[in-house]
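In UniProt numbering, the protein residues as written are 1 to 422. Here a beta-carbon is modelled for each residue, glycine too, at the ideal position from N, C-alpha and C. Working notes, structure below.
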């Protein structure tokens with residue numbers, strides 16, 4: 001069966017057959033998957049998509065897998081939620097949250113990209129897979145590789161959050177802590193991938209892996225009733241997500257599933273690791289690597305592989321990029337939880353804080369339909385909130401003791417008085 005996709009260089013356009021390869025041998029630029037939209041036109045319709053599974057695989061016709069591929073790792077189809085209480089806090093009127101904090105199986109958007117990467121690992125015959133990771137990817141690879149019966153090696157920086165380390169080891173993966181930051185880890189993984197016949201999802205499988213991010217864009221459009229938003233706010237680590245959502249929207253327009261519309265893209269980073277936002281703000285045509293220093297470890301990539309492409313996508317759309325401090329990140333985690341009942345990890349704190357700043361600075365209009373992307377669950381980074389809440393004293397199980405306790409809490413006294421039934 002002929003495949004309706006191939007690899008293509010993002011700069012010189014040289015094409016390659018499908019193989020575990022990520023760099024063009026002609027100009028040393030990154031490769032990406034190019035799908036034949038005409039071949040997909042008959043199977044990628046609103047009606048057929050609606051008949052598909054309640055997962056990202058409802059969009060299989062535009063993902064790099066054979067037509068007869070049967071998915072074994074469901075992920076995606078996460079909620080798109082109106083966020084009126086957060087909106088009122090930050091001066092917005094039409095704000096939505098794409099909530100991948102509940103993406104299965106490991107509660108981050110990385111479950112999407114790993115599903116596609118491991119599908120191709122199997123197609124290429126790898127029995128051992130791995131990745132370099134700042135945490136969420138490690139969890140996703142370990143879990144889904146376990147389901148597929150693949151051997152797994154996960155390489156992470158030594159300062160990774162304990163919850164993410166545990167959530168990798170529990171699946172039986174071999175976790176290797178590296179004395180260095182993510183960029184050191186990633187370079188080592190590239191060397192390992194060259195030496196051994198292993199499939200590294202974000203090295204030699206990267207073009208396929210990255211295509212999984214398109215499903216965030218497909219879902220947003222479908223969940224909005226097959227229309228595009230005015231603005232997208234995305235966290236940026238390697239920079240791929242924002243470019244793939246933009247690619248997804250272009251494909252939907254080309255296939256006639258949505259009306260053509262210019263969507264503005266906004267990138268969010270932590271100030272302690274902000275190479276892409278710095279490039280956007282300065283107008284630079286290159287990425288200046290940085291040494292990460294932030295609590296948002298899942299975004300702590302100082303030399304992002306797709307950074308220049310993310311910066312271009314933002315500028316071409318008329319968008320912007322911002323970065324926020326660690327203090328702002330923690331405050332935004334709390335604000336999102338208190339207003340919308342969504343507990344996000346530090347990356348989501350970055351996105352929420354940046355979204356608020358974009359409204360405050362007038363870069364996003366209050367009436368615009370804006371979607372902000374929450375990409376991971378707060379249970380993974382509880383250490384970021386250490387010391388933020390006091391452990392209250394225990395109250396005896398008596399109504400009088402409870403009422404005395406409430407009397408001590410001045411903000412709750414009115415509630416008690418108003419609700420009292422005598």
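Do residue j and residue i come within 7 Å of each other at the CB atom, strictly closer than that value?
i           : j           : result
residue 104 : residue 75  : yes
residue 238 : residue 305 : yes
residue 302 : residue 289 : yes
residue 313 : residue 364 : no
residue 129 : residue 199 : yes
residue 45  : residue 147 : no
residue 371 : residue 96  : yes
residue 49  : residue 359 : no
residue 208 : residue 120 : yes
residue 83  : residue 340 : yes
residue 143 : residue 106 : yes
residue 439 : residue 217 : Any question about residue 439 goes unanswered here, given that the chain covers just 1 to 422.
residue 210 : residue 168 : no
residue 245 : residue 232 : yes
residue 186 : residue 133 : no
residue 98  : residue 373 : yes
Once the 5 residues before and after residue i are set aside, which same chain residues still bring their CB inside 8 Å of it?
i           : result
residue 19  : 7, 124
residue 126 : 20, 150, 197, 198, 199
residue 162 : 383
residue 17  : 6, 7
residue 337 : 343, 344, 378
residue 1   : Residue placement at residue 1 is poorly supported in this model, since its pLDDT is 43, which falls under 50; the coordinates still yield a value, given next. Excluding positions up to five away in sequence, the list reads 66, 67, 68.
residue 34  : 5, 6, 7, 8, 15
Have a look at the options and flag the residue whose alpha-carbon is nearest the alpha-carbon of residue i.
i           : options            : result
residue 286 : 293, 275, 398      : 275
residue 457 : 137, 359, 345, 356 : The requested residue 457 does not occur in the structure, where the chain is confined to residues 1 to 422.
residue 368 : 140, 34, 355, 380  : 355
residue 295 : 289, 13, 378       : 378
residue 108 : 100, 115, 114      : 100
residue 261 : 409, 226, 159, 110 : 226
residue 266 : 235, 120, 208      : 235
residue 164 : 391, 376, 350      : 376
residue 201 : 35, 140, 78        : 140
residue 38  : 311, 166, 256, 78  : 256
residue 70  : 361, 56, 396       : 56
residue 53  : 219, 176, 156      : 219
residue 333 : 182, 206, 86       : 86
residue 158 : 171, 170, 184, 172 : 184
residue 293 : 325, 310, 319      : 325
residue 215 : 62, 381, 297       : 62
So, at 6 Å on beta carbons, what are the nonlocal neighbours of residue i in its own chain, with the 5 sequence-adjacent residues on each side left out?
i           : result
residue 10  : 29, 30, 32
residue 160 : 135
residue 12  : 26, 27
residue 203 : 189, 190, 193
residue 153 : 130, 174
residue 315 : none
In chain order, what residues of the same chain have a beta carbon less than 7 Å from the beta carbon of residue i, not counting five sequence neighbours either side?
i           : result
residue 422 : Confidence at residue 422 is low in this model, with a pLDDT of 46, below 50, so the placement of that residue should be treated as unreliable; the coordinate-derived value is given next. Nothing listed; no residue qualifies.
residue 92  : 359, 366, 370
residue 323 : 269, 270, 271, 274, 277
residue 113 : 209, 210, 212, 213
residue 228 : 221, 249, 258, 261, 263
Give me the DSSP bridge partner(s) of residue i.
i           : result
residue 235 : 268
residue 82  : 96
residue 8   : 15, 32
residue 131 : 154
residue 108 : 376
Please decide whether residue i counts as near chain D, where near means a Cβ-Cβ distance under 7 Å.
i           : result
residue 245 : Judged by its chain identifiers, the structure shown contains no chain D, having just a single protein chain.
Runs of beta strand (DSSP E) wholly within the stretch 23-52 (minimum 3 residues, chain order): 31-35
What ranges does the beta strand (DSSP E) occupy inside the stretch 309-384, keeping only unbroken runs of at least 3 residues that lie completely in it? 320-324, 370-374
Completely contained alpha helix (DSSP H) runs for the stretch 148-224, where each covers 4 or more residues: 162-169, 182-195, 206-211, 214-223
Fully enclosed by the stretch 240-274, which beta strand (DSSP E) runs are 3 residues long or longer? 264-270
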